[in-house]
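A short write-up of the structure that comes next.
Residue numbers (our numbering): 30 to 208.
What follows is the structure in structure tokens.
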């Protein structure tokens, strides 16, 4: 057990995770020990691109937790991860004074360990999150001002207001096999 990466030394956007698959990370306990099953970003701002995060487990941020972070998540798949805390951010959890940009990502198929919930959680009034051209299952904004979460040209389970968004309906086929 243990997480794949822990950014906590004021890393800048020049610290890049790229073209990696991170599977089966598992952490438990209080913060920071129980946060970010694959990646915990605290007081740092790395860039994460072209990565897959699957089957990771944490109390908060089953795959990735952004805490006081100014990070970018680009072209990533976050699926099959588990959060054990209620409203714990099944795939990702954004909290603190964070500015996070999520572009061309799929965050879906993540679960809450003690229920059948499937949510991506963004919580805290001090953060600013931009989601562009992404597929997000059950976007849940906690204790925030909606203006601080911008979603555009994305497919969001249950819908989310923003330019060019479409609503992911239950039973909707997002990907189809060809051939």
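Glycine is no exception: its CB is placed at the ideal position from the N, C-alpha and C atoms.
- Inclusion of residue 68 and residue 109 in the CB contact set at 8 angstroms is not warranted, their separation being larger than that value.
- Scanning its chain for C-beta atoms nearer than 6 angstroms, with the 5 sequence neighbours on each side dropped, one finds around residue 128 the residues 99 and 157, in chain order.
- Short of 7 angstroms from the beta carbon of residue 49, and not among the five residues preceding or following it, lie these beta carbons of its own chain, in chain order: 80.
- At the C-beta level, residue 95 and residue 123 come within 8 angstroms of one another.
- According to DSSP, residue 157 shares a beta bridge with 128.
- Judged by DSSP in its simplified three-state form, residue 102 adopts strand.
- Taking 8 angstroms as the cut-off, the beta carbon of residue 113 is found closer than this to the beta carbon of residue 88.
- Of the candidates 179, 135, 103 and 60, the residue whose Cα lies closest to the Cα of residue 75 is 103.
- Across the structure, residue 192 and residue 182 are spaced so that their CA atoms are roughly 6 angstroms apart.
- Assignment of beta-bridge partners to residue 67 by DSSP yields no partner.
- In the same chain as residue 177, and ignoring 5 residues on each side of it, the C-beta atoms closer than 6 angstroms to its own belong to 157, in chain order.
- Shown here for residue 40: same chain residues with a beta carbon closer than 7 angstroms to its own, the five before and five after excluded, namely 73, 74 and 75 in chain order.
- DSSP, read as helix, strand or coil, puts residue 177 in helix.
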